[in-house]
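Take a look at the structure below.
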Amino acid sequence: MKRIIPLLFLLLLFFSMRPVEAQSLSESAMKKVTIGLDVFTDIWFNEPTQVDIRTIHPSANTYLTYNFTLGNSQNMTFGIGLGVGNHNMYSNNGVIKDVTADTIQFVPLDAKLSMKRSKFSVTYLEVPMELRFKSHKGFKVSIGFKLGYLIDSKEKYVGNTYANGPLQVVKKKGIAQLNNFSYSPTFRVGYKSFNLFFSYALGPVFRVDHGPQLHPMSLGITLTPF
Numbered sequence: 003m004k005r006i007i008p009l010l011f012l013l014l015l016f017f018s019m020r021p022v023e024a025q026s027l028s029e030s031a032m033k034k035v036t037i038g039l040d041v042f043t044d045i046w047f048n049e050p051t052q053v054d055i056r057t058i059h060p061s062a063n064t065y066l067t068y069n070f071t072l073g074n075s076q077n078m079t080f081g082i083g084l085g086v087g088n089h090n091m092y093s094n095n096g097v098i099k100d101v102t103a104d105t106i107q108f109v110p111l112d113a114k115l116s117m118k119r120s121k122f123s124v125t126y127l128e129v130p131m132e133l134r135f136k137s138h139k140g141f142k143v144s145i146g147f148k149l150g151y152l153i154d155s156k157e158k159y160v161g162n163t164y165a166n167g168p169l170q171v172v173k174k175k176g177i178a179q180l181n182n183f184s185y186s187p188t189f190r191v192g193y194k195s196f197n198l199f200f201s202y203a204l205g206p207v208f209r210v211d212h213g214p215q216l217h218p219m220s221l222g223i224t225l226t227p228f
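Start counting at 1 in the sequence shown, then tack on 2, and there's your number in the working numbering.
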């Protein structure tokens, strides 16, 4: 999964760097498809208090939607499609005690060990839906909702595994007790290809009583070449 978002980002960049080809498309054809990349930080609610959670949590989404014109309006569209969404939570001193446990716990690292960071990460296959308004001068605003299905989860630890040992990268995949679905309203506002982006997960990442009731709120930017 770690290759999917970078690959789609390169595809997005490829399209954005081809203005001549983009201009050759008819205006109606360009309105039918939207390719977007969200780059943001997650703000975690109900984060574990036993460990030191960082303030900035870089994450990203990418998506493609097909757009339907609403009535006779040239300014209002409804888009629906597919995307891949990722949420990360970074810690300076905490790790998951046991990724297969019946109750997931984030605990401080053993005092004899040292670490650079740890990252808890979940990835979803998403169905985004948005109601969009675009003025003739390029101002855009949209409200929407996305449904996600969990397709990947992991913890990445960068540090030593025994006292005074070498720096190592340890990855643990398939974290237990995660909810399979995510539900998030979204909001975007901006000008032409640049937008501000907001979303908030309505449900917790972990099952109730089986882990911390984490909810990510995402704040960042959206880039759309067309």
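In this text, a Cβ means the ideal position worked out from N, Cα and C, and glycines have one as well.
Please read these numbers as outputs of a predicted model, since none were measured by experiment.
Distance from the CA of VAL160 to the CA of LEU111, rounded to the nearest whole angstrom, comes to 12 Å.
Remark: C-beta atoms of GLY176 and VAL86 do not approach each other more closely than 8 Å. Contact check between the stretch 53-66 and the stretch 32-44: three or more CB pairs, one atom from each, fall below 8 Å, which counts as touching.
Counting only runs of 3+ residues, the beta strand (DSSP E) found wholly inside the stretch 118-166 occupies 141-161, in chain order. The Cβ atoms of THR226 and SER186 lie no closer than 8 Å to each other. THR51 and THR163 have their alpha carbons spaced roughly 23 Å apart.
A straight line joining the alpha-carbon of TYR151 with that of VAL207 spans about 11 Å. The alpha-carbon separation between VAL191 and ALA165 amounts to approximately 50 Å.
When the beta-carbon positions are compared, VAL53 and SER116 stay at least 8 Å from each other.
Look at LYS173 here: in three-state DSSP terms it is strand. When C-alpha distances from SER123 are compared across SER75, LYS158, LEU39, LEU198, the shortest belongs to LYS158.
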